[in-house]
Structures are given as C-alpha cells and as structure tokens.
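Quick note on the working numbering: the sequence shown kicks off at 89 and runs consecutively. Quick reminder that beta carbons are idealized off the backbone N, C-alpha and C, glycines included. On a predicted model such as this, the values are computed, not experimentally measured, just so you know. Worksheet: the structure to be examined is printed underneath.
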Amino acid sequence: MVNECAPLPRFAAVGAGRMGRGIAIAFAYAGHRISLIDLRQRSDAAWQRLQGEAKAEIEASLAGLAQLGVIDAAQIQSIAARVDFVSAAGAPQALAAAELVFEGVPETLEAKREAFEQLNRHCRDDAILTSTTSSILVTQLAALVRLPERFLNMHWLNPAYVIPVVELSCHSGTDAAVLARTKALMDAIGKLPVVCGASPGYIVPRLQALVMNEAARMIEEGTATAEEIDKATRYGLGLRFAALGVVEFIDFGGCDILHHASREMSASIDKGRYAAPAIVDRMVEEGRLGLKSGSGFYDYEGRDIAAYRRDVLSRTLGELKHAGLWRAPASETLP
C-alpha cells in the first residue's frame, strides 16, 4: 500500500486500531499523507487481514461523511489513498521520515514501553513524539522517551476526524518550542488544540465523567427518566454550553450564583459532590463575581459589555435555530 515513488509521509500514527485510523483520516482529510504503522510482528495473512480491516473502516467512515453531504462520494478513494499502511517490517523507514508521531498502542505501560523503544531507536531527534493515551500521565511516559523534551500527550476525542478539540498535556520538561510547533501543526489540519497540565482526565473527560455519573445517579434515584435527562441536557445544558464555555458561563451568570447553588445542593443532596472549591468561595469574598462586577475568572475592564451580551445571545440563538427550536413571534394576540 505504500507509494514507493513518493517521499514518505511527514506524519505517522503508531497502532492501527480505532484511534490510529481516526487520526489517519484527520490528516488525510486535510490533504496530508500519513503512515499508519503496526509495530507487531505478524504473519503475512494476519497483516493482510489487519490492513484490510483498517482500510475498510477508513473508507466506511469517509462514506458516512459522503452520505451526510460533507464530501463527495468521488473523494472517498482519493482521501483514503493518502493513508500508507505500514507493517512492522517497514516501520523503521516510516518512523525515520516522520516529524510528528502519534503513539496509540494498547493502554498498558508495557505496551507503551515496547512502542517507545522502537520510536526511540528509529525516529529522528527533531521528531515530536506524542501519546494518545487517555489514562496514563505524561509524566509517567516521559521517562520512556529518549529526548523527553520533544514529548507530550495528545488526547483526541472520538471520532478523531470529526471533533476539533485535541488536548495537549505537557510535562515540566516539554520544550515550549515543541508545544508551539505541535499546536501549529494541529491548527493547520483544522484542529483546536487546548493545553493542560499533567493531571488525570485531561479537561473534557474529567468534566464529562461528573455529568455522566450524576445522570446515571438521577436515574438510579428515580429523579428522572433517561429520556427526560437527555432532553434536558441536549436542549438546556448542552445548548447553553455550546454557546458559552463552562468558565465563561460561571462569569456570565455570576460566581455568587454558583456559590449559593453549591451551598444549597451540598446541604440537600451530597456535601462531597456539591461543595464549592475554595477558589469560588474566595472570589465571592473578594467581590470578583464575573461580568456584573467587572472581573471574575476573566477580566472585563474596558470591554464593551453590551456588545458582549449581544454576542452571547447571538451564539445561543444560533444553537436554538440549529436544533430547530426557535420559533417566530406570534402574528396576533391569542385569546
């Protein structure tokens, strides 16, 4: 499947499972060739089977986009052809050519150690190495990497070729120039990189786990049915958070509102789950309530507040219209 005449791809995804395939589609969709590398030694029959499965899934994913009118059906094969399937035998050459490498092998330290032994051996010194792990801290994996200053975790959200956000988790030794270069490369393929420290759960999984667990708990308690919770989250919670970031939402409504709501639910539902963090209590004490006081998590000094409020309303109306829930005013007074 490798084009012998063309230069080898600048990008490589190590691990031909679902995440590797999704990353491959993201780069191929953006016009880049990418090596999808399997490091495991396999029989010819097993390699052909894996390659066939990966190729079929990539083409099926692209066909799904075509069915939704995102791409023309005629583009499926040309996009899919930008993915070079590389077996263990071809891995050294493909890794040596890559400037950005995504490790996506199974989520065990042993599997990661084996993968990085090969990446350390074959990748060039200026190549950026990343792990797509969702569960192992960047500080743990950095110890496995030769020249760890060029290493960081990069958490993709599924489907990797659709969701724009990628979470970049750095360790203390990650070179600032490496982070900047990584962000630029991701920006160039239409992704939206966000940076976080070496903390379990990154940003999105840490927030969404709380929401999902609380939804399951409400069903368990008989508070609401799954259908009612999903209606409320899609068109209440989700719609508002699609228009406003979570922290922006705190400032917009007021940090004091969160403070008081947390106090009430902490007393009536569960103290451990609903107690406000110290930063919220401190901000209320200092009068940093958000938009209404001129500062909160963000600083609003010199900002046109009226224009900002109109922008938030515009974003929200856009989400309502997209959901088909915005209605024109009644043309006459009803009895």
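Assignment of Gly-324 by DSSP, reduced to helix, strand and coil, places it in the helix class. Within a 10 Å sphere around the beta-carbon of Ile-338 sit 16 or more other beta-carbons, which makes this residue buried. In the structure shown, Asp-172 falls within a strand segment according to DSSP collapsed to helix, strand and coil. Under the three-state reduction of DSSP, Leu-245 is assigned to coil, being neither helix nor strand.
Within 10 angstroms of the beta-carbon of Ala-264 lie fewer than 16 other beta-carbons, which makes it exposed.
By the 16-neighbour rule on beta-carbons within 10 angstroms, Ile-113 is buried.
Judged by DSSP secondary structure, Thr-227 falls within the alpha helix (DSSP H) whose first and last residues are 226-230. At a Cβ-Cβ threshold of 8 Å, Gly-378 and Glu-389 do not count as neighbours. If only uninterrupted alpha helix (DSSP H) runs of at least 4 residues are considered, those enclosed by the segment 317-380 are 326-331, 334-341, 343-356, 359-362, 366-373. Ala-179 and Leu-240 have their C-alpha atoms some 21 Å from each other.
Asp-132 sits in a helix when the DSSP states are folded into three classes. Annotated as distal: Arg-212 and Ala-176, with beta-carbon spacing of 8 Å or more.
The count of Cβ pairs closer than 8 Å, one atom from the segment 119-126 and one from the segment 95-106, reaches three, so the stretches are in contact. Counting only unbroken stretches of 3 or more residues, the beta strand (DSSP E) elements lying wholly within the segment 252-322 are 253-257, 280-284, in sequence order. Ranked by Cα distance from Glu-198, the options Gly-324, Leu-232, Glu-407 are led by Leu-232. DSSP places Ser-222 in the coil class of the three-state scheme, outside both helix and strand. Going by DSSP, Ala-199 is part of the alpha helix (DSSP H) stretching over 197-210.
In this chain, Leu-408 is not harboured by any beta strand (DSSP E); it is covered by the alpha helix (DSSP H) spanning 393-410. If you look at Ala-116, you'll find it in the alpha helix (DSSP H) that goes 106-117. By the criterion of a C-beta distance shorter than 6 Å, His-210 is surrounded in its chain by Pro-180, Leu-183, Ala-184, once the five residues flanking it on both sides are discounted. Note on geometry: alpha-carbon atoms of Arg-294 and Gly-406 lie some 27 Å from one another. The C-alpha of Tyr-249 is placed about 14 Å away from the C-alpha of Ala-154.
In the structure shown, Ile-159 adopts coil according to DSSP, grouped into three states.
Take Val-400, set aside five residues on each side of it, and the residues of its chain with a beta-carbon closer than 8 Å to its own are Ala-331, Leu-332, Phe-340, in chain order.
When the five nearest sequence neighbours on each side are left out, the beta carbons in the same chain lying within less than 8 Å of the beta carbon of Thr-321 are those of Val-299, Ala-303, in order along the chain. For Thr-311 and Ile-317, the gap between their C-alpha atoms comes out near 9 Å. Between the alpha carbons of Leu-267 and Ser-356 lies a distance of about 45 Å.
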